[in-house]
Amino acid sequence: MIKTWFHLSPTSIPLAQTEVEEVLLQHKIKITNPILHFSNFIIETDQPIPAVTINRLGGTVWTAEQIDTAHTADAIPRLIQTHFKKLADPSIKKFGIFAYANDHYQPDLSQQLTQQLKQTIKLSYINLKRPRLNSRQLKHTLVFIIVHLKNTFYLLKLTWYYPWEAYMRKDKHKPFVQPAEGMVPHKIARIMVNLSLNQPPNLYLTDQYLLDPFAGSGTILIEALDLGLSVIGIEKHPTSFAGLKQNIDHFISHHNLTNKAILYPGDSTKLNKIIEEKTIIAVATEPYLGPSFRTKTNRAGKQYYVTASQPNTPLTHQAIERMIFNLTKLYSKWLKNQLKILKPKSKTRLVVILPTFHFHNRFYSLNLIDKWGVFDYTLYKGPFTIKSQRDLVIRRQIYILIRK
Ligand SMILES: C[S@@+](CC[C@H](N)C(=O)[O-])C[C@H]1O[C@@H](n2cnc3c(N)ncnc32)[C@H](O)[C@@H]1O
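Numbers given in our numbering equal positions in the sequence shown, counted from 1, plus 1127.
And the structure:
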């Protein structure tokens, strides 16, 4: 058995764990003895996990294969030296050490081990605290990961490294961004796309499409294109639509992709008038979630909330109730209309971010949650709450639904 360690993104550990499990399931890799401890997810498989499978996980994880265990920190340098002799081949030019305990990087242990090993390992040293190592660099680098969980030190060899922080920064390469509209982080978008599929992306045909009916700046579509899928995006607002087109064109030409991307300026509550006879195999989307909120401070030093569009009017419970009513109407119309373009019994998945609101100790959720049957969807997994510091009023939750 081969033990693989996944370092899950802390933004939502249950969501990232579900992504790993679903992707492995789709690739027919059976896992046994899963252990989850903070963001450490350790599983056993009877064969190494292929690079194409790991690659799908994008920035969700780093992965490492277990090569040994120790019960004390003192035993680690000797173990590393033994394994170094076994594993090092002439193509390896660099080495690295990264020690990790529970959920934290251990700089002291990492440094201490590095100092000891630099004397015997005559290769240049790579500091993993620096941003990403691509797969080509990883081929020439032997990185030992030490994970201290409970009473065991796991000695692992790094097999995939794309820290989620670096993945988050993918936005910087887009020509068009609209932070006020609440862009979904790339890492979450990648997870949503992975969870929206029923099989590995390479098994879909070029005229089968993933749909994002509220495409915004195109983050979800970009992640789907990156996985080799054809996509359809709908965006209602002209400025956003122009930006969306710019982002998708840029991504396709920058990566020399041949995938199809069809973009429509239009209203998703009238989806069936826009998309005709196209095979939609998955839907992943973050619809409009209501206005963005800000805090202000009054003369007495007390904080209160306003909406960005009405900065002089304090937010009230009534305003939130009205917003919930309007959002429920929008989503209901869209979901009902979308049914018309999804084949019945197709088991097409719909991965959607929906908001809940938390205001003055009260929680508000949409009236359509728990009523999926009305729309001919069943809840498959979720909701998963995504951590976000930006806005205290709104919380984003991911639902994975299946077309009945
Ligand atoms: C939360 S944003 C999507 C953000 C996107 N995931 C991203 O990362 O850029 C929602 C988008 O839906 C668009 N929108 C709102 N109502 C719509 C409708 N009825 N039909 C299509 N698009 C709509 C908004 O203009 C906005 O760009």
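For glycine and all other residues, C-beta sits at the position ideal for the given N, C-alpha and C.
DSSP-derived helix/strand/coil call for residue i
| i | result |
| --- | --- |
| Ala-1191 | strand |
| Gly-1500 | helix |
| Ala-1293 | helix |
| Val-1274 | strand |
| Ala-1226 | strand |
| Ser-1344 | coil |
| Asn-1439 | strand |
| Ala-1409 | strand |
| His-1231 | strand |
| Tyr-1458 | helix |
| Phe-1165 | coil |
| Gly-1509 | strand |
| Phe-1133 | strand |
| Lys-1221 | strand |
| Leu-1332 | coil |
| Thr-1172 | strand |
| Thr-1138 | coil |
| Lys-1249 | coil |
| Arg-1421 | strand |
CA nearest to the CA of residue i, picked from the options
| i | options | result |
| --- | --- | --- |
| Trp-1189 | Thr-1196, Leu-1244, Ser-1262 and Asp-1235 | Ser-1262 |
| Thr-1286 | Ala-1191, Phe-1168, Gly-1428 and Ile-1496 | Ala-1191 |
| Thr-1422 | Leu-1442, Thr-1279, Pro-1302 and Pro-1234 | Leu-1442 |
| Phe-1502 | Arg-1530, Pro-1482, Lys-1213 and His-1487 | Arg-1530 |
| Ala-1228 | Phe-1280, Arg-1426, Lys-1463 and Ile-1140 | Phe-1280 |
| Leu-1282 | Leu-1142, Phe-1211, Glu-1149 and Lys-1372 | Phe-1211 |
| Phe-1165 | His-1313, Pro-1137 and Val-1147 | Pro-1137 |
| Thr-1131 | Lys-1157, Thr-1333, Pro-1175 and Ile-1447 | Pro-1175 |
| Ser-1218 | Ile-1318, Val-1320 and Gln-1264 | Gln-1264 |
| Lys-1157 | Ile-1181, Phe-1168, Asp-1173 and Leu-1142 | Asp-1173 |
| Ile-1407 | Leu-1332, His-1381, Lys-1456 and Ser-1380 | Leu-1332 |
| Ile-1169 | Pro-1392, Arg-1183 and Ile-1129 | Ile-1129 |
| Lys-1387 | Asn-1425, Ile-1375, Lys-1213 and Phe-1486 | Ile-1375 |
Residue range of the alpha helix (DSSP H) that includes residue i
| i | result |
| --- | --- |
| Tyr-1336 | Here Tyr-1336 belongs to no alpha helix (DSSP H); instead the beta strand (DSSP E) covers 1335-1339. |
| His-1381 | 1365-1381 |
| Lys-1213 | 1203-1214 |
Boundaries of the beta strand (DSSP E) in which residue i is found, first to last residue
| i | result |
| --- | --- |
| Gln-1430 | 1430-1434 |
| Gly-1360 | 1357-1362 |
| Val-1478 | 1476-1486 |
| Ile-1521 | 1521-1530 |
| Ala-1388 | 1388-1392 |
Check: residue i C-beta below 7 Å from any heavy atom of ligand 1
| i | result |
| --- | --- |
| Leu-1416 | yes |
| Val-1311 | yes |
| Pro-1482 | no |
| Gly-1343 | yes |
| Ser-1395 | yes |
| Ser-1436 | no |
| Lys-1130 | no |
| Ser-1367 | yes |
| Glu-1362 | yes |
| Thr-1138 | no |
| Ile-1347 | yes |
| Pro-1306 | no |
| Glu-1413 | yes |
| Pro-1340 | yes |
Minimum Cβ-Cβ distance from residue i to chain D less than 8 Å
| i | result |
| --- | --- |
| Pro-1234 | Here chain D cannot be found, since the structure has a single protein chain. |
Original post:
With a cut-off of 8 Å, do at least 3 Cβ pairs link the stretch 1263-1281 to the stretch 1204-1224?
Top reply: yes
Original post:
Would you call the stretch 1449-1461 and the stretch 1514-1530 in contact, with 3 or more CB pairs under 8 Å?
Top reply: No, they do not touch.
Original post:
Does the stretch 1149-1167 touch the stretch 1318-1338, meaning 3 or more C-beta pairs lie closer than 8 Å?
Top reply: Contact holds between the stretch 1318-1338 and the stretch 1149-1167, because three or more Cβ pairs, one in each stretch, are under 8 Å apart.
Original post:
Would the stretch 1423-1439 and the stretch 1471-1479 be scored as touching if the rule is three or more Cβ pairs under 8 Å?
Top reply: no
Original post:
Is the stretch 1359-1376 touching the stretch 1395-1415 in the sense that three or more CB pairs, one from each, lie closer than 8 Å?
Top reply: yes
**OP:** Indicate whether the contact test is met: 3 or more Cβ pairs, each with one atom in the stretch 1399-1409 and one in the stretch 1460-1468, closer than 8 Å.
**Re:** yes
**OP:** Take every Cβ of the stretch 1491-1505, pair it with every Cβ of the stretch 1328-1345, and state whether three or more of those distances are shorter than 8 Å.
**Re:** no
Original post:
Is the stretch 1346-1353 touching the stretch 1300-1313, taking contact as three or more C-beta pairs under 8 Å?
Top reply: yes
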